[in-house]
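Residue numbers (my numbering), protein chains in the order written: chain B, 369 to 817; chain X, 23 to 493.
The beta-carbon is built from N, C-alpha and C at its ideal position, and this holds for glycine as well.
Computed from a prediction, not measured in an experiment: that's the story for all the values here.
Data first, discussion second: the structure below is written as structure tokens.
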């Protein structure tokens, strides 16, 4: 028995070395798991921000300690049947392959069958004595499934009379899961976020060969000074660190600077990192594009900005005007149309009191719906040439809807006075207006006042 | 907040030895002696014994806490138990059908009472249990009548009878099963139906199952007893009129009426070893240990606080899991620090804990949203307004915080939506994400509280959280 313990302890020591900064959580989980044959809490709920090592800790512990377990991702298993069959396959150690025609351990549609089959699967594996762990990753999706599912899972050990421990892993707090008449409450564990020092410690572990750890960690520190305020996600920071490292060491390779001249290296990398924030971090430029850009060392940044200028869409001439008209109709109040678009609008009344709703400009409130008639009126007014009302014009409106540049409001009527909304941003419409040399700012109520 | 130090696994072997000898020599001393004793055969044997004892202790008490084992003697709910026993006995002896509902909040002990009654029947009235058939159904598992019917067939061992028959429809199947039940007279075997989560059965289509069960109850056919367990007080209102009229309206209320002293007694019993534990001296020592622990002021405080929030036994069991899991040969005593930690785990206010992990940019957005909600008195806001508020702060108040692109701020905002600190006010997806109306699910006090514990929060932001920027 003590021999068993010793191997178990060495395994746990190995895990502690492998997963840094999670000692408390690992020890806590080990204590709760106890010995193999001892009962564990019927349900555990683990929550924390993304990339705090929730799934990693749980799955590594279960795998290394060789405890009988089954892990499912609730995003993959979007129906009861998929989830139950996958769990049963894993618990029973059933491999689906060509030999069994990619079947599963058993057909299982509902919770009732699942509980019955789980009992037989556990019996088949002769693991009746040991605790079987069922892990549900991304457990927030369980709320969207059948309403009886979550309560049933939480009292699985009671329902099945087996030594089962259910572990739910989620980003959300437990309060968001409670529904209906309530259910058996799990033991709640929180995985706190990594502090800045811990993040640095973890990031500097994947130092590329050939460089000292201190060098890489000082680089990581520089990187964090740019990104840390906006982003604390470990995965993101690690990815960015690895991606930008070649650029950082470029002067060293060229022989311009030595590795201990941190100041010069910082001067070199800082604008690069700031650029990365606007491009790679937002995924407007893919990582491979970014790498290529770094290798080519090209000054022509224009080639890179292909995705970030997605506000360039080729549209037909009249479509552009239609879109501009729609934007004006969406963001201008109808009563100002006469002032903007009519040739002789008469006297502008200087209203004595300023508009009480002035503090919330329509740029903040978003687009309003407008009828088709108003769109056409504005359209004819802003297009200088004489346009005949053809089927072409109307079909262009509906094609703008399918491009989701416009959106149809209210499904009630397609033909008789349909109402639309314009769903493009100001930047986009400005670039469209520029191509037809139309000064849109002059026609927008918010900017004219 | 007392944090339990990370256990050093490497030195455990040595320390265990020390603890083992320590525990045998000095029963109540909580401190470990620093010197390692000589490794002779007798100490190794004693050490082995002590570890074995602790393993056994963990196994039994964990079984009690996690497996919902029936306590050795149930003292509460005497009235209700008598009532239930009476019903069951009358059914078994006199062939009298009946129906009853056990109503009580979650964790009050409905299932325990039911188990206890059944155990009593099994132990004392062998003649009754010999021909009493039990059918256990649960509203969580049998989610519709078809599944329930299959389960009933299985539990009554009728599947061999049904097996070769092919039923055209649900109704036919039900009719057959009912026929099997109905053909019996008063002399036939009584059947006991226990419907856990009874209120869920009332959500089945047409309540066919309930109707038929109560119908058999009413008409003098096979003697059956239907007992429903539910935590909904208004469960009778859920029943259809025809079902309701067939129900006997016998309600047994199982409410938690423990005073604090009784609660503490239950708690102590939960941690005690069963009487048939092998090592008597170890058992005595452990019981003393538990008694000592419950006289500790800190632990009493924790228990008192727990009692004020939850009175049910289930949450008590969860509370005990953590201190118990820490007990080993290395640390033979229940420590007060572990109880405090366990209470902290259970009552952790999760939202400030989540707020602790957001970035500074996201924190700025949350403060901006809070101000928007305060100004507009709870009206929903959209991203553009939040961004505008954030820009206002940057222009007027901030000197050290750099401004970010709208796209980067939007990404931070969407992460907040993903962890559901911010929730869409409507479920339309037709508007642009910048203009989607949102609500914030965070109170001002939660925000201020978590700002104090937030690491490296610029003082300008703290100031801004309390004093909004006026336009």
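Any non-hydrogen atom of the ligand NAD within 7 Å of residue i CB
{"i": "residue 338/X", "result": "Inclusion of the ligand NAD in the displayed structure is not the case, the ligand content being empty and no account of it being possible."}
Neighbour list for residue i in chain C, Cβ cutoff strictly below 7 Å
{"i": "residue 254/X", "result": "This model lacks chain C altogether, as its protein chains are B and X."}
Chain X contact for residue i (CB, 8 Å cutoff)
{"i": "residue 375/B", "result": "no"}
{"i": "residue 597/B", "result": "yes"}
{"i": "residue 560/B", "result": "yes"}
{"i": "residue 600/B", "result": "yes"}
{"i": "residue 577/B", "result": "no"}
{"i": "residue 423/B", "result": "no"}
{"i": "residue 452/B", "result": "no"}
{"i": "residue 730/B", "result": "no"}
Minimum Cβ-Cβ distance from residue i to chain B less than 8 Å
{"i": "residue 485/X", "result": "no"}
{"i": "residue 37/X", "result": "Confidence is the limiting factor: at residue 37/X the pLDDT is only 43, short of 50, which leaves the residue's position unreliable, though a coordinate-based value still follows. It does not; no Cβ of chain B falls within 8 Å."}
{"i": "residue 378/X", "result": "yes"}
{"i": "residue 460/X", "result": "no"}
{"i": "residue 131/X", "result": "no"}
{"i": "residue 250/X", "result": "no"}
{"i": "residue 425/X", "result": "no"}
{"i": "residue 194/X", "result": "no"}
{"i": "residue 473/X", "result": "no"}
{"i": "residue 227/X", "result": "no"}
{"i": "residue 77/X", "result": "yes"}
{"i": "residue 336/X", "result": "yes"}
Buried/exposed call for residue i, threshold 16 Cβ in 10 Å
{"i": "residue 437/B", "result": "buried"}
{"i": "residue 443/B", "result": "exposed"}
{"i": "residue 43/X", "result": "Residue confidence is low: residue 43/X scores 43 on pLDDT, short of 50, so the model does not pin down where it sits. No coordinate-derived value is stated."}
{"i": "residue 393/X", "result": "buried"}
{"i": "residue 388/B", "result": "exposed"}
{"i": "residue 734/B", "result": "buried"}
{"i": "residue 466/B", "result": "exposed"}
{"i": "residue 379/X", "result": "buried"}
{"i": "residue 809/B", "result": "exposed"}
{"i": "residue 328/X", "result": "buried"}
{"i": "residue 376/X", "result": "buried"}
{"i": "residue 146/X", "result": "exposed"}
Three-way DSSP call (helix, strand, coil) for residue i in this model
{"i": "residue 410/X", "result": "helix"}
{"i": "residue 543/B", "result": "helix"}
{"i": "residue 356/X", "result": "coil"}
{"i": "residue 787/B", "result": "strand"}
{"i": "residue 880/B", "result": "It is not possible to answer for residue 880/B, since the shown part of chain B is limited to 369 through 817."}
{"i": "residue 445/X", "result": "strand"}
{"i": "residue 250/X", "result": "strand"}
{"i": "residue 780/B", "result": "coil"}
{"i": "residue 551/B", "result": "coil"}
{"i": "residue 273/X", "result": "strand"}
{"i": "residue 417/B", "result": "coil"}
{"i": "residue 75/X", "result": "helix"}
{"i": "residue 376/X", "result": "helix"}
{"i": "residue 371/X", "result": "coil"}
{"i": "residue 225/X", "result": "coil"}
Same chain, Cβ closer than 7 Å to residue i, five either side skipped, listed in chain order
{"i": "residue 381/X", "result": "434"}
{"i": "residue 280/X", "result": "288, 333"}
{"i": "residue 484/X", "result": "473"}
{"i": "residue 170/X", "result": "159, 164, 231"}
{"i": "residue 99/X", "result": "131, 135, 276"}
{"i": "residue 220/X", "result": "123, 161, 250, 251, 252, 257"}
{"i": "residue 335/X", "result": "129, 131, 288"}
{"i": "residue 749/B", "result": "709"}
{"i": "residue 469/B", "result": "none"}
Contact set for residue i: own chain, Cβ-Cβ below 8 Å, skip 5 residues either direction
{"i": "residue 620/B", "result": "626, 627, 633"}
{"i": "residue 394/B", "result": "380, 383, 384, 387, 425, 429"}
Residues near residue i by beta carbon distance below 6 Å, same chain, minus five either side
{"i": "residue 413/B", "result": "536, 542, 554, 556"}
{"i": "residue 583/B", "result": "627"}
Item to check | Uninterrupted alpha helix (DSSP H) stretches inside the stretch 721-775 of chain B (no shorter than 4 residues) | outcome: Fully enclosed alpha helix (DSSP H) runs of 4 or longer: 730-733, 740-750, 759-770.
Next on the checklist: Suppose only complete runs of 4+ residues qualify. What are the alpha helix (DSSP H) ranges in the stretch 128-194 of chain X, listed by chain order?
Outcome noted: The stretch 128-194 of chain X contains these whole alpha helix (DSSP H) runs: 132-146, 148-152, 167-177, 181-185.
Checklist entry - Which ranges does the alpha helix (DSSP H) cover as unbroken runs of at least 4 residues, wholly within the stretch 279-358 of chain X, from first to last along the chain? => result The alpha helix (DSSP H) runs lying completely inside the stretch 279-358 of chain X and spanning 4 residues or more are 282-293, 302-317, 319-331, 335-348, given in chain order.
Item to check | Unbroken stretches of the alpha helix (DSSP H), 4 residues or longer, contained in the stretch 445-478 of chain B | outcome: Fully contained in the stretch 445-478 of chain B are the following alpha helix (DSSP H) runs of length 4 or more, in chain order: 448-460.
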